[in-house]
Each structure stands twice: as C-alpha cells, then as structure tokens.
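Chains as they are written, first to last, in our numbering: chain U, 507 to 772; chain W, 942 to 1228. Using N, Cα and C, we set each Cβ at its ideal position, and we do this for glycine too. Heads up: the structure comes next, in structure tokens.
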Amino acid sequence: MNAMTAKLVVEGLCHHYPDEYTGESVHALEDINLELYEGELVSVVGPSGCGKSTLLNILAGLLPYKVGKASVDGKVIEGPGPDRGVVFQEHAILPWRTVSRNIGHGLEIRGLPKEEISRRVQEYVDLVGLSGFEDKYPHELSGGMKQRCAVARTLCADPIVMLMDEPFAAVDAQTRITLQEELNRIALATKKTILFITHSVDEAAFLADRCLVFSARPGRLKQIVTVDIPREKRIWENMNADAEFIRCRDEILRLVREEVSVAIEE
Amino acid sequence: MTTAVTALSTSIQRRIGRQKLRKFILGAIPFVFLLVIWQMNTAFEWLPPVFIPPMGDVFGAIITLQEDCIGLIGAITMHNSCSMTNNIFSSMGRVILAAVIGLPLGIAFGIIAGMNRTASKFLEPIGVFANSISGIAWIPLAIVWFGVGWLTTLFIMLNTIFWLMFFNSMLGVRGIAKVYEQSVLTMGGSRMDVIRHVYLPGAMPSIITGMRMSMGFGWRALIAAEMVGGDSGLGFMIFTASEEFKIEEVFLGVIIISIIFMATDRYFLAPLEKWTIERWGLVWKPT
Ligand SMILES: Nc1ncnc2c1ncn2[C@@H]1O[C@H](COP(=O)(O)OP(=O)(O)O)[C@@H](O)[C@H]1O
Ligand SMILES: [Mg+2]
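Below is the structure:
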C-alpha cells in the first residue's frame, strides 16, 4: 500500500446483544481486528446476519461496545462524531430538507458561515451529478439520486473515515452499476478512506483495495482478499474480462458460499 | 349571452384553476342544499318559525345585536352596544390566547416525552388520566375553582388543547425512523440539533393532526364552557338567546361559530400543511 498511517484501527472487538425476552445473548462479533489506511477502500462481505451492520454501528459510535478497542486517527471511539461519516442503507437524507440543505447539513451543524457552506455544497452537488436538483426535496428524487445525495452529504462534512452500510442495496441493478463506478471515481478524486459493507460479492471485489470476508455468526474475519487492480482502471466494461478481477471475485464467492452453507446447516 | 357565459367561465377557470374550482363547487353543494331546504321550510311552513326562523330574521338579528354600534370603530374598540362583535372577539381572543399558550407547551412536552423514556413514564399516565375526563367534564370543577368568567373558559380550552397536542406530538416523535436521528448524530449534531432538525419537522404530520384536533375540540369545549361558565362569547350569546327564545340569534351564533372555525382551518391550518408536510412529501396524496 502507498499509505502508511492507519486511519481506523480495530483490535479484538467482540459484541454480544442482550436479549430482553429470553435472557440469552446474541453473539454478533468475535475478535475483529482490522486496519484501514489513508485513501484506502476496504470492503466487508459476509452472509446476512453475520454482524456487518453491528460492526459499522459500533464504529459509527451508535452502538456502545465493551470488549476490544476501536479508534480513528488515534482517538478511541466513544460515541458518534464528525470524524466518521456514515452512509446508511435506507434513504437517510432528511425529507424536510432540500438536496442542498441536506448536503450542507454537516457544515451547518459545525456552524460554518452561509457563503462557505453554499460554495462547498455546490462543489459536491456537481461532483455527484445532482446539478439542477439543488432545491428539490428527497421525495422528488429517484432512489439512485437519493443515495447520491446521501453520499454527497457525508463527503461534504469531510470526515476522516467514511463508513458505508450496503448503500446501494435498495436501488435497481442498472443504477447500482453506475453508482459503483461513480463512487470509485469520487473516492479517488477526494482521496477518502472508506469502509464499505455489502453482501454483494461483485460489488465488494469491484470497489475494494482489500476485501474482508466475514464468517457466519458470530462474525469473525475469515480471510482477506487483496484486489490487485489499480482503482483508476476500474470500470465494469473492463472488469468483466479482467483475469485478476475474475480470480478475486471467484475467491470471495467461494469463501462466502462456505459460510452461507455453514449458516444453513446450523 | 352564451358566449359571454362561456368566456366568464373560462376566465374563472384560468384564474382559479380547474381542479380548485371543481373542489369548491363540490364542497359547496351540501351547503346550497341546506340553504334551499331552509328557504323551502319558510315558504311551506313545515316547521314553525319558533323552531326554524326565516333566513331574513337571522340576518336581521345582526342589526338588532349591533343596534347602537357606531360602525367599525365601535366594533373594534368593543363598545358596549356592539354585542355581536364583542362576543365574537371575546371567543376569538380566548381561542387565540389558549392556542398561543397551549399549542407550543403541548408540542414541547410531547417531544420531550417522545424522545425520553423517563419523561414519558412520568407524563403518560397523567396524560391518560387527564384525557379520560374529556374537556367539558371539567366545567363544573372549573367553575368551583375559578368562578364564572374568562379564567374558567381559558382553563377548559387549555386543558383540551394541551393534552391532545401532547399525545399527538409524542406519538409523532416516536414514529420517526431512527436513521434520521442517527444521521444527525454521526454528523456531530447535538441533542438540540436532533430536536430542531429531526424531531420537530419529523413529527410535523402528527403535530398538524394534533392542531386540527386541538382547535376542533378546543372550540367546542370553549362554546360549551361559555354557555355554562362564561359571561361573554358566542356560547354565552347562544345560551342567553335561547333562554329568551330568540331563535334567530341562536342560529346566527351557530353560523358564526362554524364560519370562524372553517376559516381557521382554511387560512391557518391548511396553508401550514401545504408549506410543511405536503412540500416534504410526507402526506398521502391521491394521484
Ligand atoms: N438490536 C439487536 N438486538 C439483538 N440482536 C440483534 C440486534 N441487531 C442485530 N442483532 C442480531 O445480530 C446479528 C448480526 O446482525 P447485523 O449486524 O445486522 O448483521 P448483518 O448486517 O451482517 O446482516 C443478527 O443475528 C441479528 O439478528
Ligand atoms: Mg446489515
């Protein structure tokens, strides 16, 4: 890797959900260790229910954890903060704010002057291709546009690490492919450090420098697959015939399949 | 002649919009029907004028009630002789006062109870208790406490408005998707940011429903309170008129009450709804 500083460090992280009714607890994560370097995009794949969202919520500071350690830029995670930006799976942009007010929301919270906010908002509106829709409300946008707006909102707040939880799972296949290519371009242009969670093997292989495959619940880091293709070269047209891409995708697929069958046998 | 009518009709349609015109005409039909029946009753004397006065008498009552009132100035300064307008202003004044105090308080407490478990455990039982004794059932007690007068009517209204607003706002906040709050928190937002940017606008559909209910039930409670425990206002006017068998004044009072209420809904609540939840796509709209 070209970068040397780890922006996000997770050591020995475990998580149990208490069950209010039975008193038993759900073991969601077991001994997770990972490092995210500056400018890197790391994807996490695993069977449904393996604890991916749990990991993301802990890193976002939305879920308190007891065992293990997680830190961003050397600062231990103790709650939500603007150093970590989250793109949620559902459409989490606020319906009562226009596109530009949603995108500038993080800066508004930080108390930046109005002119500065609108200047930076315009920059990200253009970057994600929402020009002309600045004054629209979310219900007037398509699913893909809503997620573009959500990505722009997180980028505009300029977090140290971006956490994305299956952000493209709810859009149609055609839009998803476009969004993946756009995210790749934008991530490179803004040099963002990103943890990208998905259940799609193709998506994980396409976007990532490294792909972390999780085991079935309790989620453990099963294997790391490094995708050795320059990210600048990644467009779907090329990938479908790229030997390295096919190798990585098949490898990830095989690893995930093993886990899915484990989950079914249980 | 026909061309002139057609021209007029198209120009009206162009100005107001076809859809709106249609809505207006459809909504007006039941009223026209009522007025026709009323007029026919007078003509054929199905029911004697002691029960249903002629329309003319009802309008005549305006003049009787405002007899020595010196024009607009008299009405505005609430001169003694302007009894109809005085009663209107008196009722409206109380409604506005109760709304200005009761709505924000109900919203504030509702939001607090909606976002905080302890607060809701604390406030909900007392709210259920207060709601179980519906607005007007408090009148006898209020008269004992505050005597006959504006304090009693204000208390009755506040009691009605506050709890309805409280419950609606609370349920509104609880119904907001968690992810909105989380997204504000992950952008570094404070509790206050969450309240201002998520709870308040997110609960708006419920808050507006709450306002509609509060104002509806509040008005009704006020009229009832004025009848029994008031010394002025439209309810008081209706009550004294009926005791003196002035049926046309009773009719006038009822009509004024309905008109004021419809105007409140149309010129205050409906625009508020349009400017907020309709614009945000939070209301179901027939397509
Ligand atoms: N709030 C919760 N309480 C109890 N169990 C939960 C809760 N959230 C998730 N779980 C359980 O933890 C496991 C991991 O969930 P999650 O992290 O959402 O999985 P993924 O995102 O990988 O599909 C699942 O078995 C799920 O049922
Ligand atoms: Mg998930």
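Using a cut-off of 8 angstroms between C-beta atoms, extract the partners of residue i located in chain W.
i, result
"residue 596 (chain U)", "1118, 1120"
"residue 591 (chain U)", "1127, 1128"
Can you tell me the Cα-Cα spacing of residue i and residue j, whole angstroms?
i, j, result
"residue 550 (chain U)", "residue 680 (chain U)", "22 angstroms"
"residue 602 (chain U)", "residue 646 (chain U)", "12 angstroms"
"residue 660 (chain U)", "residue 701 (chain U)", "13 angstroms"
"residue 723 (chain U)", "residue 684 (chain U)", "32 angstroms"
"residue 529 (chain U)", "residue 522 (chain U)", "12 angstroms"
"residue 576 (chain U)", "residue 544 (chain U)", "16 angstroms"
"residue 1050 (chain W)", "residue 579 (chain U)", "40 angstroms"
"residue 651 (chain U)", "residue 604 (chain U)", "13 angstroms"
"residue 1146 (chain W)", "residue 1140 (chain W)", "11 angstroms"
"residue 1165 (chain W)", "residue 1072 (chain W)", "17 angstroms"
"residue 1017 (chain W)", "residue 1023 (chain W)", "9 angstroms"
"residue 1048 (chain W)", "residue 1129 (chain W)", "25 angstroms"
"residue 992 (chain W)", "residue 1010 (chain W)", "28 angstroms"
"residue 997 (chain W)", "residue 1201 (chain W)", "21 angstroms"
"residue 643 (chain U)", "residue 1220 (chain W)", "8 angstroms"
"residue 1019 (chain W)", "residue 1027 (chain W)", "6 angstroms"
"residue 690 (chain U)", "residue 735 (chain U)", "13 angstroms"
"residue 563 (chain U)", "residue 698 (chain U)", "19 angstroms"
"residue 1088 (chain W)", "residue 1194 (chain W)", "24 angstroms"
"residue 558 (chain U)", "residue 964 (chain W)", "52 angstroms"
"residue 1206 (chain W)", "residue 1153 (chain W)", "7 angstroms"
"residue 767 (chain U)", "residue 518 (chain U)", "26 angstroms"
Please check if any C-beta of chain W sits within less than 9 angstroms of the C-beta of residue i.
i, result
"residue 676 (chain U)", "no"
"residue 521 (chain U)", "no"
"residue 627 (chain U)", "no"
"residue 599 (chain U)", "yes"
"residue 570 (chain U)", "no"
"residue 612 (chain U)", "yes"
"residue 586 (chain U)", "yes"
"residue 658 (chain U)", "no"
"residue 663 (chain U)", "yes"
"residue 652 (chain U)", "no"
Return helix, strand or coil for residue i, following the three-state DSSP convention.
i, result
"residue 521 (chain U)", "strand"
"residue 662 (chain U)", "helix"
"residue 1114 (chain W)", "helix"
"residue 1213 (chain W)", "helix"
"residue 531 (chain U)", "strand"
"residue 759 (chain U)", "helix"
"residue 526 (chain U)", "coil"
"residue 592 (chain U)", "strand"
"residue 688 (chain U)", "helix"
"residue 622 (chain U)", "helix"
"residue 672 (chain U)", "coil"
"residue 536 (chain U)", "strand"
"residue 1219 (chain W)", "helix"
"residue 653 (chain U)", "helix"
"residue 603 (chain U)", "coil"
Does the CB of residue i have a neighbour CB from chain U at under 9 angstroms?
i, result
"residue 1131 (chain W)", "yes"
"residue 1142 (chain W)", "yes"
"residue 1145 (chain W)", "yes"
"residue 1220 (chain W)", "yes"
"residue 1020 (chain W)", "no"
"residue 1124 (chain W)", "yes"
"residue 1139 (chain W)", "yes"
"residue 1150 (chain W)", "no"
"residue 1217 (chain W)", "yes"
In this structure, what does DSSP give as the bridge partners for residue i?
i, result
"residue 576 (chain U)", "U:516"
"residue 774 (chain U)", "Residue 774 (chain U) lies beyond the stretch modelled for chain U, which goes from 507 to 772, so this question has no answer here."
"residue 699 (chain U)", "U:667"
"residue 541 (chain U)", "U:515"
"residue 582 (chain U)", "U:577"
"residue 597 (chain U)", "For residue 597 (chain U), which the question treats as bridged, DSSP gives no partner whatsoever."
"residue 705 (chain U)", "Bridge partners of residue 705 (chain U): none, in fact."
"residue 727 (chain U)", "U:720"
"residue 551 (chain U)", "U:719"
Residue i versus chain U: which residues are under 9 angstroms apart at the beta carbon?
i, result
"residue 1223 (chain W)", "601, 602, 645"
Applying a beta-carbon distance threshold of less than 7 angstroms, which residues of chain U neighbour residue i?
i, result
"residue 1134 (chain W)", "615"
Could you work out which residues of chain W lie near residue i, taking near to mean beta carbons separated by less than 9 angstroms?
i, result
"residue 566 (chain U)", "1123, 1126, 1127"
What does residue i touch in chain W if you count any residue whose Cβ is under 7 angstroms from its own?
i, result
"residue 693 (chain U)", "Those do not exist, as residue 693 (chain U) stays about 19 angstroms from chain W at its closest Cβ, beyond 7 angstroms."
CB of residue i to nearest heavy atom of ligand 3: below 8 angstroms?
i, result
"residue 558 (chain U)", "For the structure depicted, ligand 3 is absent and the ligand set comprises only ligand 1 and ligand 2."
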